[in-house]
Every structure is written in structure tokens, then in C-alpha cells.
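Numbering-wise (full-length UniProt numbering), the sequence shown opens with residue 1 and increments by one.
Ideal placement from N, C-alpha and C gives every residue a C-beta, glycine not left out.
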Amino acid sequence: MSWIKDLYTIYQKLDASGFEDVKKEIVKAHLNGCSGGGIYYLVLQQLVMIKKDKAQAYEAIKGEVESIIQYSRFN
1 MSWIKDLYTI
11 YQKLDASGFE
21 DVKKEIVKAH
31 LNGCSGGGIY
41 YLVLQQLVMI
51 KKDKAQAYEA
61 IKGEVESIIQ
71 YSRFN
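Written out as C-alpha cells, the structure is:
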């Protein structure tokens with residue numbers, strides 16, 4: 001599965017869970033990337049920060065975050 005599909009699932013889950021501020025942080029990283037690789041890198045950085053600093057939000061999106069992290073290991 002493409003990492004971008006996981007990203008859109010993350011957006012939906014964050015909306016449904018009431019973590020709009022966390023979603024905005026990821027969207028900002030998403031929009032600031034200048035290319036496919038740049039977008040991925042910035043989004044990945046943001047997700048790792050959420051994993052470390054925002055446990056409740058991370059729990060809502062844990063599966064997708066780990067899938068995106070795994071994507072970097074194989075590509």
C-alpha cells in the first residue's frame with residue numbers, strides 16, 4: 001500500500017478523534033514538501049515527533065504511522 005493512502009487515513013482518524021491541531025501540523029509538513037521525497041521526509045519527521053510527544057494522538061493513528069515508517073525501510 002502507498003504511504004500516501006496511510007496519510008489520508010491518518011487525516012480522517014485525527015478528524016474523527018478530535019485532534020485537528022495535530023492534523024494541521026502534518027498537513028503543514030505535507031504542503032511544505034517540494035517533491036515526492038521531500039514531502040515524505042517532512043511528513044515522516046512530523047509523525048515521529050507526534051509519536052514521541054503526543055501519545056494520545058499517536059494511539060489513534062499508530063498503525064498507519066508504523067506503516068509509513070516501515071515504508072522508508074523498504075524504499
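Closest to SER72 by CA distance: which of ILE61, ALA16 and LEU47 is it? Looking up residue 72 in the sequence shown gives position 72. If we check each option's Cα against that of SER72, LEU47 comes out closest.
Whole-angstrom distance between GLY38 and GLY63, CA atom to CA atom: Reading the sequence shown from its first residue, position 63 is the one you call residue 63. Reading the sequence shown from its first residue, position 38 is the one you call residue 38. Cα-Cα distance, rounded: 22 Å.
Secondary structure at GLY38, three-state DSSP: helix, strand or coil? Here residue 38 refers to the residue found at position 38 when the sequence shown is read from its first residue. The answer is helix: DSSP assigns GLY38 an H, G or I state.
Is it buried or exposed, TYR8, if we count other Cβ atoms within 10 angstroms and call 16 or more buried? Within the sequence shown, numbered from 1, the residue matching residue 8 stands at position 8. Classification of TYR8: exposed, given that the 10 Å Cβ count is below 16.
In the DSSP assignment, the alpha helix (DSSP H) including GLY18 goes from what residue to what residue? Taking the sequence shown and counting its residues from 1, the one referred to as residue 18 is at position 18. That residue, GLY18, is in no alpha helix (DSSP H); it is neither H nor E in DSSP.
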